[in-house]
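Residue numbers (the working numbering): 2 to 213.
One structure below.
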């Protein structure tokens, strides 16, 4: 369990429905941070009521809503420092917390704000959603060779996407590998899956290290 701690930083994975809105490169640019394994959690909550997003944006501090850009109101609080995406259906995604306890606390605070705005919001079905791990190996990788050696587990189409996509079966994690040596591990439900996936693929990445 020691190897991954030297490399991997865990952070938030936006729900798949948001990837089309938030440029995925935003996640990749965060790989430069050299830090111990810091875990951020993304959680989901059902407020169990319809929400007028324009009213939320007009009435709450630190809230915004631009339906032409994205179909959710965005709200932020400072303690714990988190961001909520609130949908008209009453679904809410809370991101940025450093622990499950902080994520739950933040989600409850957001729910109370919605209640104070006049909506009969409840706090149902709280759960932590996907976690993503990211790191910079500090050496370039021969993606063509890695793709050939990985067979059906890997897809590399540089004309479509600059990274190699490696689909690991156990644990069930998708790993994006870039020629620069930066990697993103996605799809995990718990941090241990990120750790196990990194330990498993690391020898292959070293094997296909690009020599200068």
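Where is the CB? At the ideal position from N, CA and C, for every residue including glycine.
Bear in mind the structure is a predicted one, so any value in this text is a computation, not a measurement.
Three-state secondary structure assigned by DSSP to residue i
i: residue 47; result: strand
i: residue 199; result: helix
i: residue 55; result: helix
i: residue 117; result: helix
i: residue 166; result: strand
i: residue 82; result: strand
i: residue 207; result: helix
i: residue 135; result: strand
i: residue 213; result: coil
i: residue 42; result: strand
Best match in the options for proximity to residue i [C-alpha to C-alpha]
i: residue 130; options: 106, 96, 143; result: 96
i: residue 151; options: 51, 93, 68, 205; result: 205
i: residue 215; options: 163, 155, 190, 60; result: As displayed, the chain neither begins before 2 nor continues past 213, which places residue 215 out of reach and without an answer.
i: residue 183; options: 164, 200, 110, 198; result: 164
i: residue 107; options: 157, 144, 124; result: 124
i: residue 199; options: 94, 185, 211, 190; result: 185
i: residue 192; options: 120, 109, 141, 99; result: 99
i: residue 117; options: 61, 143, 77, 78; result: 61
i: residue 63; options: 105, 115, 203, 197; result: 115
i: residue 159; options: 197, 144, 176, 167; result: 144
For residue j and residue i, the rounded distance between their alpha carbons
i: residue 83; j: residue 213; result: 42 Å
i: residue 34; j: residue 137; result: Unreliable positioning characterises residue 34 in this predicted model, as indicated by a pLDDT of 31, which lies under 50. A coordinate reading is not provided.
i: residue 58; j: residue 146; result: 50 Å
i: residue 188; j: residue 139; result: 24 Å
i: residue 56; j: residue 50; result: 14 Å
i: residue 102; j: residue 52; result: 25 Å
i: residue 195; j: residue 172; result: 8 Å
i: residue 128; j: residue 207; result: 36 Å
i: residue 91; j: residue 45; result: 11 Å
i: residue 75; j: residue 162; result: 29 Å
i: residue 157; j: residue 112; result: 43 Å
i: residue 201; j: residue 132; result: 18 Å
i: residue 174; j: residue 43; result: 17 Å
i: residue 166; j: residue 67; result: 33 Å
Beta-bridge partners of residue i, as assigned by DSSP
i: residue 88; result: 73
i: residue 125; result: 47
i: residue 152; result: DSSP output for residue 152 lists no bridge partner at all.
i: residue 183; result: 137
i: residue 65; result: 75
i: residue 190; result: None; residue 190 has no bridge partner.
i: residue 147; result: DSSP output for residue 147 lists no bridge partner at all.
i: residue 142; result: 210
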